[in-house]
Amino acid sequence: MAADTDLLPDSLLLNGRSFRYADIQQYPARAPRDLNGYEARVLDFIRQWLNGAQEFGLRTSGSTGQPQLIQMKRRQLEASARRTGDYFDLGPGDRMLVCLNCEFVGGLMMLVRGLERRMHLTIVEPHADPLALVAASAEFSFTSFVPLQLRAVLAAGHASRLNRMKGILVGGAPVERSLEKEIQQLLVPVYVTYGMTETASHIALRRLNGPHVQPTYRVLPGIEVGQDGRGCLTVRADVTENHLITTNDRISLSPDGRSFEWLGRADFVINTGGVKVQAEKVEQVLEVALTELGLGRRAFVAARPDKRLGEQVTAFLEGPRLTARQQEQLLELLRQRLDKYEVPRELVAVPEFRTTASGKLDRLGTLRTVK
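Sequential numbering from 1 applies to the sequence shown in full-length UniProt numbering.
Pasting the structure below:
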């Protein structure tokens, strides 16, 4: 059944222009001719939703493999939106800033939450500092950022605007420790998300700031999680049509099954000389060491073939090659803080990392550029 537009605000804002819902339902017949491609795709999805479409094609991000198109039913997206709306007490009168890429699940689900909860929607194309694209007087109740955006928003001095919100989600990429420290200045609750396209966005949240900081992800009500034989997370819920989804994410699950610590990707385990090293653990230590040395830059850790060890731990650093002195200082810090098999055996400079269409680090694509 089509949504009742009488219960919705009359219109939404998209890139600074007002679009009436009644006109969007007739899209493209009543659309301006000067829409860009992104605006056209956003309006077309909203048209489908308002007119009661029951199935939608969603693209996976491609951060750990080739992007795929999967089909999701309306009821799965509604269940996810309802769960988030209840958690943050979102409803009519609230204002939502949608600044993630709506062609992927994170941004698309922001649209669904706003429509289902009858919220006022302000949509802008993805930009490093989304608040720079809206009126200085505009206030919002809720939004979701990728880490790069949140860092830029804080650097631009928008903390006071954020503090008037009910909550902020941050996801799509790991939240670096340096950003976590910056987030502590905020009064608004900030949560890092855990989820994927196949679960219609997040199924667990972890509070990053305030007196209720959480060291582990808390599973949202109605979501059943477990582990497979590898120790990887499994998920079953209404958002998966009650099918069991098995991930490649290694976790430590609490005895009551309501929270978990994310340990890293099973496919990011490096087997070096028979010792298994979790790449993400090394990355966390590497990030802190780079920051302490004033060498802050993006970096990741992956395996490289080694005749003796099978695989060697290798760190890939974005930007110019470090000087010999900088390399030695960095390696010395890593030796102090990691087991000997975890210390990268090589530091490889990469001029620029590749990213996916959704803005995530494309590890595989980047590795293919390295000789």
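Note that CB positions come from ideal geometry on N, CA and C, so glycine has one too. Owing to the predicted nature of the structure, the values given are computational and were not obtained by experimental measurement.
Asked, Found
"Three or more C-beta pairs below 8 Å linking the segment 280-297 and the segment 164-178", "yes"
"Backbone secondary structure at T247 - three-state DSSP", "strand"
"Top-ranked residue by Cα proximity to R265, from G210, R258, A128, T247", "T247"
"Residues bridged to M72 (per DSSP)", "F56"
"I183 in three-state terms, based on DSSP", "helix"
"The segment 45-62 in contact with the segment 25-36 per 3-pair CB rule at 8 Å", "yes"
"Segment contact flag, the segment 204-212 with the segment 114-123, C-beta cutoff 8 Å, min 3 pairs", "no"
"Counted within 10 angstroms of its Cβ, other Cβ atoms place R151 as buried (16 or more) or exposed", "buried"
"Proximal residues to T84 (C-beta, below 7 Å), its chain only, five neighbours per side dropped", "R113"
"Integer Cβ distance of F142 from M165, believed to fall under 8 Å", "6 Å"
"H212 versus S137: straight-line alpha-carbon distance, rounded", "30 Å"
"T281 (DSSP reduced to helix, strand or coil)", "In the sequence under discussion, the amino acid at residue 281 is Lys, which differs from the Thr named in the question. Correct three-state label for K281: helix."
"Sequence-distant residues of its chain with Cβ nearer than 7 Å to L169 (five each side left out)", "S144, Y191, T193"
"Limits of the unbroken alpha helix (DSSP H) element including residue 372", "Past the edges of the chain, shown from 1 to 371, lies residue 372, and the structure says nothing about it."
"Buried or exposed by the 16-neighbour rule on C-beta atoms within 10 Å, applied to H120", "buried"
"Cutoff 7 Å; reference residue 399; Cβ partners in own chain excluding five residues on either side", "Examination of residue 399 is not possible in this model, given that the chain is present from 1 through 371 alone."
"Contacts around A3, its chain only, beta-carbon distance under 6 Å, and the 5 residues preceding and following it disregarded", "Confidence is the limiting factor: at A3 the pLDDT is only 46, short of 50, which leaves the residue's position unreliable, though a coordinate-based value still follows. Closer than 6 Å at Cβ, skipping near neighbours: L50."
"Which of helix, strand or coil DSSP assigns to P305", "strand"
"Own chain partners of D94 with C-beta closer than 8 Å, once the 5 adjacent residues on each side are dropped", "R117, M119, H120, S141, F142, K166"
"Per DSSP, cross-strand counterpart(s) of V122", "For the sequence presented, residue 122 should be read as Thr rather than Val. The partner list for T122 (beta bridge, DSSP) reads L13, L97."
"Environment of L69 [buried if 16+ CB atoms lie within 10 Å]", "exposed"
"As assigned by DSSP and simplified to three states, the class of T234", "strand"
"R354 - containing beta strand (DSSP E), residue span", "Where R354 is concerned, there is no enclosing beta strand (DSSP E), given that its DSSP letter is neither H nor E."
"Selected residue, minimal CA-CA separation from D306, among Q278, T272, L317, D339", "T272"
"Spatial neighbours of L147 in its chain, beta-carbon cut-off 8 Å, leaving aside the 5 residues before and after", "In the sequence on display, residue 147 carries Pro and not Leu. So the list reads V170, G172, A173, P174, V175, E176, L179, once near-sequence residues are dropped."
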